[in-house]
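The sequence shown begins at 26 in this note's numbering and counts up by one.
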Amino acid sequence: MRDLYIRSMSLREMPPADSWLSALPVVRHLAAEGLTFHRQVTFLVGENGAGKSTLIEALAISQGFNAEGGSRNFNFTTAATHSDLHSYLRVTRGAAYPRTGYFLRAESFYNVATNIDELGVQAGYGHESLHSRSHGESFLTLAEVRFHGKGLYLLDEPEAALSPTGMIRFIRRMHELVEDDSQFIISTHSPMLITYPDAEIFQLSEKGIETVPFKETSHYRTTLRFLQNPEQAMADILGYEIEDD
Ligand SMILES: Nc1ncnc2c1ncn2[C@@H]1O[C@H](COP(=O)(O)OP(=O)(O)OP(=O)(O)O)[C@@H](O)[C@H]1O
Ligand SMILES: [Mg+2]
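In structure tokens:
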């Protein structure tokens, strides 16, 4: 097992009691028990609003990434919407420092593409403006051209850009980078992505943070139940009976 760039995270102190952060179960869990990473690929799963983006963004800022996404070379801001959780974090790093890295913030990939154009550094991104490609194409270009080995990658819902075949391409690329000593911490709702072998899945909920096998996540179970019998699943959701013919 390779050493990790990020070994664990916890809180030095709780945010003020009247802050929305201190009401989040995942923040209380970090303060009480912390979170230890054991694998090169970690997934954060959980319902909408569980705190995945808040956690990954705070970790990214604490590691010197721009709050709006990008590599460590980006320092633009368009709207300072990030929380100040990063200022309460204690992060334990491994012995080696990552050679490269990237923070993908789901909501601001567009701004990162604009910033690449403004900096004139398209050469590192496949020589063309990411704006001239679709969302998924530009994300795959990013992963295939700009991501390198021995990197730390913090990704918030990479599936937002990807078709199922695009996801398969991304999983292949991620695996190459893992084989070349990279670490990924990814928030996701993708039942395909979380089946990646040897990954650890942290499920965030009102109970805090727990480790679950992928087959026990609601992402996997709900999708499986749906796809096994889509007509019946839709009838159950919409409350009608399927007539026999
Ligand atoms: N600036 C803010 N002020 C108050 N509450 C906030 C703020 N930012 C986030 N929250 C709350 O914190 C909670 C966690 O939000 P977060 O974006 O981390 O969820 P998430 O797990 O990433 O959800 P999703 O799956 O929808 O992306 C949500 O209930 C949200 O309303
Ligand atoms: Mg989110």
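Glycine included, each C-beta is placed from N, C-alpha and C at the ideal position.
Keep in mind it's a predicted model, so treat the numbers as computed, not measured.
Indicate, with yes or no, if ligand 1 has a heavy atom lying under 7 Å from the CB of residue 71.
Indeed, a heavy atom of ligand 1 lies less than 7 Å from the Cβ.
Heavy atom of ligand 1 less than 7 Å from the Cβ of residue 75, yes or no?
For residue 75, the CB falls within less than 7 Å of some heavy atom of ligand 1.
Below 8 Å on the Cβ atoms is my contact criterion, and I expect residue 210 with residue 179 to pass it. Report the Cβ-Cβ distance as a whole number of Å.
That belief holds up - the Cβ atoms of residue 210 and residue 179 are roughly 5 Å apart, short of 8 Å.
Using only CA atoms, which one of 88, 223, 120 lies nearest to residue 29?
Per the C-alpha coordinates, the member of 88, 223, 120 positioned closest to residue 29 is 120.
For a quick check, are the C-beta atoms of residue 51 and residue 76 less than 8 Å apart?
Taking a C-beta distance under 8 Å as the contact criterion, residue 51 and residue 76 qualify as a contact pair.
C-alpha gap between residue 49 and residue 229, whole angstroms
Taking the straight line from one Cα to the other gives about 10 Å.
In terms of alpha-carbon separation, which member of 128, 208, 173 lies closest to residue 86?
The residue among 128, 208, 173 with its C-alpha nearest the C-alpha of residue 86 is 128.
First and last residue of the beta strand (DSSP E) that includes residue 261?
Membership of residue 261 in any beta strand (DSSP E) is not indicated; the residue belongs instead to the alpha helix (DSSP H) covering 255-263.
DSSP three-state label for residue 237, please.
Taken through DSSP and simplified to helix, strand or coil, residue 237 comes out as coil.
Where do the N-terminal and C-terminal ends of the beta strand (DSSP E) with residue 34 fall, by residue?
Note, residue 34: beta strand (DSSP E), 31-36.
Can you grab the Cα-Cα spacing for the pair residue 212 / residue 81, in whole Å?
Using only the alpha carbons, I get a separation of about 7 Å.
Taking a contact to mean a Cβ-Cβ separation below 8 Å, would you say residue 131 touches residue 185 in this structure?
Contact: yes.
Please work out which residues of its chain come closer than 7 Å, Cβ to Cβ, to residue 231, disregarding the five sequence neighbours upstream and downstream, and give them in chain order.
Excluding residues within five positions, the ones whose Cβ falls inside 7 Å are 50.
Ranges of the alpha helix (DSSP H) found wholly within the stretch 51-81, counting only runs of at least 4
You should have found no qualifying run.
If you follow the alpha helix (DSSP H) that residue 203 is in, where does it begin and where does it stop?
Following the DSSP letters along the chain, one finds residue 203 inside the alpha helix (DSSP H) bounded by residues 189-204.
Got a sec, what are the start and stop residues for the alpha helix (DSSP H) residue 161 sits in?
Per DSSP, residue 161 belongs to the alpha helix (DSSP H) from 160-166.
Would you mind reading off the limits of the beta strand (DSSP E) that contains residue 125?
Taken as a continuous stretch (DSSP letters only), the beta strand (DSSP E) holding residue 125 covers 125-129.
Quick check on DSSP: helix, strand or coil for residue 213?
Three-state result, residue 213: coil.
Simplified DSSP assignment, three categories, for residue 225:
Residue state, collapsed to three classes: strand.
At which residues does the beta strand (DSSP E) containing residue 171 begin and terminate?
Counted as a single uninterrupted DSSP element, the stretch harbouring residue 171 is not any beta strand (DSSP E), since DSSP gives it neither H nor E.
Can residue 108 be considered in contact with ligand 2, in the sense that its beta carbon sits closer than 7 Å to one or more heavy atoms?
It does not: the Cβ of residue 108 is nowhere closer than 7 Å to a heavy atom of ligand 2.
So, at 6 Å on beta carbons, what are the nonlocal neighbours of residue 125 in its own chain, with the 5 sequence-adjacent residues on each side left out?
In the same chain as residue 125, and ignoring 5 residues on each side of it, the C-beta atoms closer than 6 Å to its own belong to 173, 176, in chain order.
With residue 115 as the anchor, note down where its beta strand (DSSP E) starts and where it stops.
From DSSP, the beta strand (DSSP E) with residue 115 extends over 114-118.
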